[in-house]
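Notes follow once the structure below has been shown.
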Amino acid sequence: MKSYILRQVIQAAIVVAAITVAVFVVLRLSAGDPARIRAPVFARPDVIEQYRRDFGIDRPIIEQLGSFVSRAVQGDLGMSFRFQAPVSDLILVALPKTLALAGVALVLSMVLAVFLGAMAASRPRSAWAAISTALATLGQSAPVFWTGALLVMLFAVNLGWLPAGGYNGFSSLVLPAIAVALSIVPTQLRVLRSSMRGVLGEEYIRTAHAFGLAPARITFVYALKNALLPLLTVIGVDVGYLLGGVIVAEVIFAFPGIGELALVAMKARDYPLIQGITIVTASLFVLVNLVVDLTYAAIDPRIRMEQP
Amino acid sequence: MTMAAHSPDLDEGEARAGFLARHELPVSLVAGGILLALILAAVVLAPALAPADPNAVDLKVIRRPPSAEHLFGTDAIGRDLFSRVLYGGQVSLLVAGAGMIGSLTFGAVMGMLRAFGPWFLRPVVDRMIDIQLAFPYVLLAIAITSAVKPSVPVLILLMVLAGWAGVARVVRAIALQERAKDYVKAAEILGASGLRISLFHVFPGVLPGLMVLAAMQTAAMIVFEATLSFLGMGIQPPTASWGGIMLEGKDYITSSWWLTTFPGLAILMTSLSLVLIGDGMEARSERLRAKETEA
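Line by line, the protein sequences are chains D and Y.
If you're matching positions, the first sequence starts at 10 in our numbering and goes up one per residue.
If you're matching positions, the second sequence starts at 19 in our numbering and goes up one per residue.
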């Protein structure tokens, strides 16, 4: 187990390092001269030269990367052009909101997937099975921003039950979370349904039936325990997709999270901010994947025994 | 074998379907195919079907709700929404098709490279897939379009980047399964090169899985194009695309529902048809396999 953990941690570290270097180099090479972006349009050459020195881009790129990384590990990601504030502060304000949204959406989708998937697998001809098939195909086809727009029209504009956008505590989370959950539930639902079908065919389930246990208890306690493992993997792999959905939902609901911030930064060509957001979120998701992998290995010994 | 009786595992619904069941055609495949054919016909025939020029501004009819004259209503500068959705479909479908082909090709090559390439490339490909999957695609798009101006080639590049890793993961899994089989070992013993084995022996086995992926990938690309255009990073105005039309309608969401609802329905229907086709193809190959093992 120890060597497995070590190997996974090293791999995750390599991925984070690769992402950091890639983002840094790609932005440096393609974004053009940050001094020109930052400086007023008709700035004098010596003013631009001053900005260049401020950003440190008069030095070779390797040196810039080195100083960026050494400051980044201390939590300093530079100053935002647009907001005139430290990038790390801006991210620290926006990130918790995004995580809350992603968390609520994830819990919602898991509850839906577990309930509908289990019902569809244990009663393939019931209305639940039909609902889960419909949800799996429709959810996969509908873009998050469209479901979001429909939810706004229905619940915020027509019924007035929930806020259409912005951020005022929990009620602002509900609609975006539903929109995101609907977009990520199809994969989870498919996986849980098929793993549940497999587990329900096993002998220990037949034995449980023979002992006269209640079918609901068999499905949701005995079978679910084993059917949950593949769901966990899929969630780990789909975290990037989840955040993608959250970003889109943030835009349509004007929700002040990391996605909105990234979009503002993109429009303002505020590239220290983009750089910071990309690196922080990508690392976060590598971390989540790592935790999922390790949890998975802790539950299932076959995985940590496997040779690379 | 056309006279063969229904196999006992067919349920009542399939027995009643007659023709479909005899040819092992799942209902979802046929329904998806018909839906997609209708959409493609409407989009291709846009010049004949559209009542107006998609970019013709008519300030006398601003944001009119759907009527007999304007089937889907009109937008904020009086353009006919029905015509815009039809013409927008041409752009959206072409770009999605290009994105599908690109991501499928790159993903398949990387997946095969992982299974049959030189040993030192294998962990590299694995890590690349991990990185790409860990990286939220919208964030990637934001990072790239903040550096380079959005355009159609950039959009297609973003689609390839967003889609290849998922394809590579599936191709890798299928190819690794195939590699363990006896026929591959036999070819190896006979001295066939990795390239030859992967192209002529294993790739045909990967192909059916790739077909399912192609359908699913096109659906994903349609949603992806729409999402990026909706965020202002895809097709640029005044060219109509489904996501772009929705972006134009976003500000009027509380007063003019038709501006976002109809292009959204177009996206939903198209990607639904493709998901149905993909599901259907998968179900069909499963059935054929079940039949084979039975026989």
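Positions of the beta carbon are idealized from the N, C-alpha and C atoms, including for glycine.
Note that the structure is predicted; figures quoted are calculated from it, not measured.
Under the assumption that residue 110 of chain Y contacts residue 240 of chain Y (Cβ atoms under 8 Å), give the Cβ distance between them as a whole number of angstroms. At roughly 6 Å, the Cβ-Cβ gap stays under 8 Å, so residue 110 of chain Y and residue 240 of chain Y are in contact.
Show which residues of chain Y have a CB atom less than 7 Å away from the CB atom of residue 136 of chain D. Correct list: empty, because the minimum Cβ distance to chain Y is about 16 Å.
Would residue 282 of chain D pass as a contact of residue 291 of chain D if the rule is Cβ separation under 7 Å? no
Roughly how many angstroms separate the alpha carbons of residue 277 of chain Y and residue 87 of chain Y, rounded to a whole number? 16 Å
Within the 7 Å Cβ cut-off, does residue 149 of chain D reach chain Y? yes
So with CB distances below 7 Å, who are the chain Y contacts of residue 401 of chain D? Coverage of chain D is limited to positions 10 through 317, which leaves residue 401 of chain D absent and any answer about it impossible.
Entirely within the stretch 250-289 of chain D and at least 4 residues each: give me those alpha helix (DSSP H) ranges in chain order. Counting only unbroken stretches of 4 or more residues, the alpha helix (DSSP H) elements lying wholly within the stretch 250-289 of chain D are 267-276, in sequence order.
Straight-line Cα distance separating residue 83 of chain D from residue 24 of chain D: 19 Å
Inspect the beta-carbon positions of residue 107 of chain D and residue 267 of chain D and report whether they are closer than 7 Å. The Cβ atoms of residue 107 of chain D and residue 267 of chain D sit closer than 7 Å to each other.
Check the Cβ-Cβ distances between residue 184 of chain D and every residue of chain Y, and say whether any is below 7 Å. no
May I have the straight-line CA-CA distance separating residue 185 of chain D from residue 272 of chain Y, to the nearest angstrom? 17 Å
First through last residue of the alpha helix (DSSP H) which encompasses residue 222 of chain Y: 221-248
For the stretch 112-145 of chain Y, enumerate the residues whose C-beta is nearer than 7 Å to any C-beta of chain D, in chain order. Result list: 145.
Quick check: the stretch 186-195 of chain D against the stretch 290-310 of chain D, are there 3 or more CB pairs under 8 Å? no
What do you reckon, are the CB atoms on residue 193 of chain D and residue 141 of chain D nearer than 7 Å? no
Under 9 Å Cβ-Cβ, which residues of chain A neighbour residue 36 of chain D? Of the protein chains in this structure, namely D and Y, none is chain A.
Quick check on residue 224 of chain D: does DSSP put it in helix, strand or coil? helix
Three CB pairs or more closer than 8 Å across the stretch 129-137 of chain D and the stretch 202-212 of chain D: yes
Any C-beta of chain D under 7 Å from that of residue 105 of chain Y: Chain D contact via Cβ: absent.
Where residue 311 of chain Y falls: helix, strand or coil (DSSP): helix
Spatial neighbours of residue 181 of chain Y within its chain, please: CB distance less than 6 Å, with the 5 preceding and 5 following residues excluded, ordered by chain position. 121 and 235
Residue 170 of chain D CB to nearest chain Y CB: under 7 Å? For residue 170 of chain D, the answer is no, since every Cβ of chain Y falls outside 7 Å of its Cβ.
Can you tell me which of the three DSSP states residue 92 of chain Y falls into? strand
Residue 274 of chain Y touches chain D at which residues, Cβ-Cβ below 8 Å? Neighbours of residue 274 of chain Y on chain D: none; closest Cβ ~10 Å, over 8 Å.
So what does DSSP say about residue 10 of chain D, is it helix, strand or coil? coil
Is residue 55 of chain D helix, strand or coil by DSSP? helix
Just how far apart, CA to CA, sit residue 68 of chain Y and residue 62 of chain Y? 11 Å
Are any of the Cβ atoms in chain Y nearer than 7 Å to that of residue 285 of chain D? no
Between residue 26 of chain Y and chain D, is any beta-carbon pair separated by less than 7 Å? Residue placement at residue 26 of chain Y cannot be trusted, given a pLDDT of 48 that sits under 50; what the coordinates show is reported in the next sentence. With 7 Å as the cut-off, residue 26 of chain Y does not count as an interface residue toward chain D.
Taking the alpha carbon of residue 297 of chain Y as the point to measure from, which residue in Y:46, Y:38, Y:42 and Y:36 has its own alpha carbon closest? Distances from the CA of residue 297 of chain Y to each of Y:46, Y:38, Y:42 and Y:36 were compared; the closest alpha carbon is that of Y:46.
For residue 270 of chain D, which residues in the same chain have their Cβ closer than 8 Å to its Cβ, ignoring the five residues on either side in sequence? 99, 100, 103, 282 and 286
Is DSSP giving residue 98 of chain D helix, strand or coil here? helix
Cβ-based neighbour list, residue 231 of chain D, same chain, cut-off 8 Å, excluding 5 preceding and 5 following: 213, 214, 217 and 222
Contact check, residue 72 of chain Y vs residue 258 of chain Y under 8 Å by CB: the rounded distance? Confirmed, about 5 Å.
Are residue 174 of chain D and residue 263 of chain D touching if we call contact CB-CB under 7 Å? yes
Interface residues of chain D around residue 155 of chain Y at Cβ under 8 Å? 249, 250 and 253
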